[in-house]
Amino acid sequence: MVPNVVLVTGVSRFVGAHLAGRLAENSAVGRVLGVDSEHPRRELSRRMGRAEFVRADIRNPLIARIISEAAVDTVVHASSNTDEMPVARAAMKEMNVLGTMRLLAACQESPHVRKLVVKSTSAVYGASSRDPAVFDEEMAPKDLPSSGYAKDAVEVEGYVRGFGRRRPDVDVTLLRFTDLIGPRIDSVLTRYFSLPLVPTVFGHDARLQLLHPEDALAVLRRAALEDLPGVFNVGADGVLMLGQAIRRAGRIPVPIPGTMVSPLAGFFRGANLASLSAEQMRFLNFGRVVDTAKLRDRFGFAPRWTTRQAFDDFVHGRELRPVIDPDVVESAEREINRTITRLR
Amino acid sequence: MADARVIPLHPEDDGGGRAGAGSQGRSAGDGRSAMSGAPGSARERPAARDDSARDAAAGDSGARDDDDGDHGAGGGEDAEEGTDGGPDWHETLADLTAFARRRLLGQYRVDEFGFDRELTERFFLPLLRTVYDNWFRVEAVGLHNVPHDSGALVVANHSGTLPWDALMTTVALHDYHPTGRQLRMLGADVVFGTPLVGALARKTGQTLACNPDAERLLRGGEIVGVWPEGFKGIGKPFRDRYKLQRFGRGGFVSAAMRSGVPIVPCSIVGAEEIYPKIGDIRPLARLLGLPYFPVTPFFPHLGPLGTVPLPSKWYIEFGEPIDTAEHGPEAAEDPMVVFNISDQVRETIQETIYRLLAQRRTVFFG
Numbered sequence: 001m002v003p004n005v006v007l008v009t010g011v012s013r014f015v016g017a018h019l020a021g022r023l024a025e026n027s028a029v030g031r032v033l034g035v036d037s038e039h040p041r042r043e044l045s046r047r048m049g050r051a052e053f054v055r056a057d058i059r060n061p062l063i064a065r066i067i068s069e070a071a072v073d074t075v076v077h078a079s080s081n082t083d084e085m086p087v088a089r090a091a092m093k094e095m096n097v098l099g100t101m102r103l104l105a106a107c108q109e110s111p112h113v114r115k116l117v118v119k120s121t122s123a124v125y126g127a128s129s130r131d132p133a134v135f136d137e138e139m140a141p142k143d144l145p146s147s148g149y150a151k152d153a154v155e156v157e158g159y160v161r162g163f164g165r166r167r168p169d170v171d172v173t174l175l176r177f178t179d180l181i182g183p184r185i186d187s188v189l190t191r192y193f194s195l196p197l198v199p200t201v202f203g204h205d206a207r208l209q210l211l212h213p214e215d216a217l218a219v220l221r222r223a224a225l226e227d228l229p230g231v232f233n234v235g236a237d238g239v240l241m242l243g244q245a246i247r248r249a250g251r252i253p254v255p256i257p258g259t260m261v262s263p264l265a266g267f268f269r270g271a272n273l274a275s276l277s278a279e280q281m282r283f284l285n286f287g288r289v290v291d292t293a294k295l296r297d298r299f300g301f302a303p304r305w306t307t308r309q310a311f312d313d314f315v316h317g318r319e320l321r322p323v324i325d326p327d328v329v330e331s332a333e334r335e336i337n338r339t340i341t342r343l344r
Numbered sequence: 001m002a003d004a005r006v007i008p009l010h011p012e013d014d015g016g017g018r019a020g021a022g023s024q025g026r027s028a029g030d031g032r033s034a035m036s037g038a039p040g041s042a043r044e045r046p047a048a049r050d051d052s053a054r055d056a057a058a059g060d061s062g063a064r065d066d067d068d069g070d071h072g073a074g075g076g077e078d079a080e081e082g083t084d085g086g087p088d089w090h091e092t093l094a095d096l097t098a099f100a101r102r103r104l105l106g107q108y109r110v111d112e113f114g115f116d117r118e119l120t121e122r123f124f125l126p127l128l129r130t131v132y133d134n135w136f137r138v139e140a141v142g143l144h145n146v147p148h149d150s151g152a153l154v155v156a157n158h159s160g161t162l163p164w165d166a167l168m169t170t171v172a173l174h175d176y177h178p179t180g181r182q183l184r185m186l187g188a189d190v191v192f193g194t195p196l197v198g199a200l201a202r203k204t205g206q207t208l209a210c211n212p213d214a215e216r217l218l219r220g221g222e223i224v225g226v227w228p229e230g231f232k233g234i235g236k237p238f239r240d241r242y243k244l245q246r247f248g249r250g251g252f253v254s255a256a257m258r259s260g261v262p263i264v265p266c267s268i269v270g271a272e273e274i275y276p277k278i279g280d281i282r283p284l285a286r287l288l289g290l291p292y293f294p295v296t297p298f299f300p301h302l303g304p305l306g307t308v309p310l311p312s313k314w315y316i317e318f319g320e321p322i323d324t325a326e327h328g329p330e331a332a333e334d335p336m337v338v339f340n341i342s343d344q345v346r347e348t349i350q351e352t353i354y355r356l357l358a359q360r361r362t363v364f365f366g
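Quick mapping for you: the protein sequence lines, in order, are chains A and B. Going by UniProt numbering, the first sequence opens with residue 1, and the numbers climb by one from there. Going by UniProt numbering, the second sequence opens with residue 1, and the numbers climb by one from there.
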């Protein structure tokens, strides 16, 4: 059933703003309200189309009034667990966890709300050597993430489950996204791959499963417009190894001994070059792959970009100047082949 | 023929001396017949070819990536043609540069477990093959008991301090099975937490020994290898050689039952003698985070020389498949059925080992 009034949180970020715009394009949707504590940048607010921007902090009781007075029937919580922009850790936690609590409290109070869509992350599965290679929705990690946005995500999911118990009449869709990568998104991961020399952990090569932002937006849009309750992993097909991805970006991997990782990550953070938390370094050790069979079969969505295509789109779209130029390598290869042909 | 099976990874340090390498190495790229490339080959190795043919048929996505891999290769067409003339260093070199370029630019694919088929077939397997043929002189029998194109669980005895038995079983299935099966082994978590070793294990197709991974591989039609004795088996003292240890909790049986695949018992004789473990330095093992720190007649006091395995003669026998599908998938929850099958597998392997040992006259010459 198409919703009448949709509220989207986190519209000062890429996903929230674009989603609000996509939903506003659908004429069957009556109103789209975009909420965030700060104004979206110019190019993002253009994307929002006829969606209305409401400047409000979801941690503020004001959010409850907006939801009940506008008779919001569908809430898309797209601001939680974002690792798009590195901000101070304490502020991020407050935004993620306390913001979600407030928002859910407001939803619980409003009789109009019928549907809740929450953008979560596959980081809830953690990353360790003792976990299965591929996670499905039923699995729990051996070690619960103990820090960073992954821990926030676990807590947020806990509150969402609690909300689902208290309001069984509301359809709750929980979407666990793998890391987004694309030409227009700015995240920890895109900054990491933009470094000319990319630090990796010595002796480890993580499996990466990524997702193109277009696919992420399509999934969120579908979840908002249709009734598809449940928990779904959302990730592209296929896997890239970390070392392979770095080479595809024309970067040079620099393996760092495991014990040196934390001090160096601190240095990078201090120098504002890249922000890698311990959680993300663990992710770069082992990586994480999720099973998307449920997304295909029950949700009815097949990602259009594979992991490899999404990554290549990021590399080409960003116009990253390769340190190792594929053209040089290929012309060298042709040169060798020509020499061989001449010799025989 | 031994040198024909060595495929160097880096073409830069290949001066053309190892010209024969291409006949085996190119198998990943094209689907030519086995014998034309290596006419003098003593043994037939249909394995790799069937693999690549299967890959080509597997789907357009594979084909698309092959395109991705070959757009820069001017020598690709040359390599296709000169197949009738025997080993040809020109095409070998062209092939190796293409391989190097693919590795350098990340133009290869891995599956969701991180298995890198190209790297495994072109680099790791050739290394293991020389050990298989020349050092342990392995004789593999009963390979017809392993399914040709469907999933199966290969359960084997574990021994030898270092998992050479697992590696040799991989070579046996890849090179001597009629359709060349790639063995996907289940390893302990300590393997995947160790730098280098863990990454290597993933790249060569291994994954963590847990039911979700095992069932996912089996449902995908893979041959999964499991060593249920674990560290109790591989790290047992020399005096206990060829005595099968406890078979865990039978998790491998329930994985096979839920996936509806047969269990193929596999008995390995010869691996017990490669490092006769006569002692164990426990404090050192604890310090290094290892399950045991072996003392053999040559290790640790001979240093690196002590890590060279003794050249025992090996036999690997794959037994009659044990059907698990007849019990139905719900029987996987029935501990009685699970333990019965587990015991049946264990006894089969133990009896086969005794029979092979009775036939063997000497440790080093068979």
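Think of the CB as a built atom: it goes at the ideal place given N, C-alpha and C, for glycine as much as any other residue.
Do residue i and residue j have their CB atoms nearer than 8 Å?
i: residue 15 of chain A; j: residue 122 of chain A; result: no
i: residue 51 of chain A; j: residue 99 of chain A; result: no
i: residue 225 of chain B; j: residue 284 of chain B; result: no
i: residue 118 of chain B; j: residue 108 of chain B; result: yes
i: residue 316 of chain B; j: residue 266 of chain B; result: yes
i: residue 227 of chain A; j: residue 171 of chain A; result: yes
i: residue 159 of chain B; j: residue 234 of chain B; result: yes
i: residue 348 of chain A; j: residue 125 of chain A; result: Nothing about residue 348 of chain A can be reported from this structure: the residues present for chain A run from 1 to 344 only.
i: residue 351 of chain A; j: residue 182 of chain A; result: Absent from the model: residue 351 of chain A. The displayed extent of chain A is 1 to 344, so no value can be given.
i: residue 32 of chain A; j: residue 220 of chain A; result: no
i: residue 3 of chain A; j: residue 225 of chain A; result: yes
Is there a C-beta anywhere in chain D that falls below 8 Å from the one on residue i?
i: residue 108 of chain B; result: Among the protein chains of the structure shown, namely A and B, there is no chain D.
What is the DSSP secondary structure of residue i, reduced to helix, strand or coil?
i: residue 95 of chain A; result: helix
i: residue 52 of chain A; result: strand
i: residue 170 of chain A; result: coil
i: residue 225 of chain B; result: strand
i: residue 194 of chain A; result: helix
i: residue 54 of chain B; result: With a pLDDT of only 40 at residue 54 of chain B, under 50, the local geometry of the prediction cannot be trusted, and the value read off the model is given with reservation. In this structure, residue 54 of chain B counts as helix in the three-state DSSP scheme.
i: residue 275 of chain B; result: coil
i: residue 202 of chain A; result: coil
i: residue 132 of chain B; result: helix
i: residue 107 of chain A; result: helix
i: residue 268 of chain B; result: strand
i: residue 317 of chain B; result: strand
i: residue 349 of chain B; result: helix
i: residue 94 of chain B; result: helix
i: residue 233 of chain A; result: strand
i: residue 367 of chain B; result: The requested residue 367 of chain B is not part of the displayed model; chain B covers only 1 to 366.
i: residue 70 of chain A; result: coil
Would you mind working out which of the options sits nearest residue i, comparing C-alpha positions?
i: residue 340 of chain B; options: B:318, B:188, B:257, B:115; result: B:257
i: residue 186 of chain A; options: A:45, A:10, A:48, A:318; result: A:318
i: residue 132 of chain A; options: B:94, B:211, B:327, B:140; result: B:211
i: residue 325 of chain A; options: A:212, A:94, A:246; result: A:246
i: residue 235 of chain A; options: A:337, A:109, A:211; result: A:211
i: residue 329 of chain B; options: B:359, B:269, B:215, B:366; result: B:215
i: residue 104 of chain A; options: A:93, A:117, A:240; result: A:117
i: residue 49 of chain A; options: A:328, A:59, A:27; result: A:27
i: residue 231 of chain B; options: B:338, B:292, B:206; result: B:292
i: residue 115 of chain A; options: A:311, A:135, A:7, A:145; result: A:7
i: residue 147 of chain B; options: B:362, B:277, B:353, B:263; result: B:263
How should residue i be labelled, buried or exposed, when 16 other C-beta atoms within 10 angstroms of its C-beta is the threshold for buried?
i: residue 341 of chain A; result: exposed
i: residue 348 of chain B; result: buried
i: residue 11 of chain A; result: buried
i: residue 61 of chain A; result: exposed
i: residue 312 of chain B; result: buried
i: residue 301 of chain B; result: exposed
i: residue 134 of chain B; result: exposed
i: residue 18 of chain A; result: buried
Could you tell me if the beta carbon of residue i falls within a distance shorter than 7 Å of some heavy atom in the ligand FMN?
i: residue 227 of chain A; result: No copy of the ligand FMN occurs in the structure displayed, which carries no ligand at all.
Which residues does DSSP list as the beta-bridge partners of residue i?
i: residue 77 of chain A; result: A:118
i: residue 240 of chain A; result: A:208
i: residue 139 of chain B; result: B:315
i: residue 294 of chain B; result: B:280
i: residue 219 of chain A; result: DSSP output for residue 219 of chain A lists no bridge partner at all.
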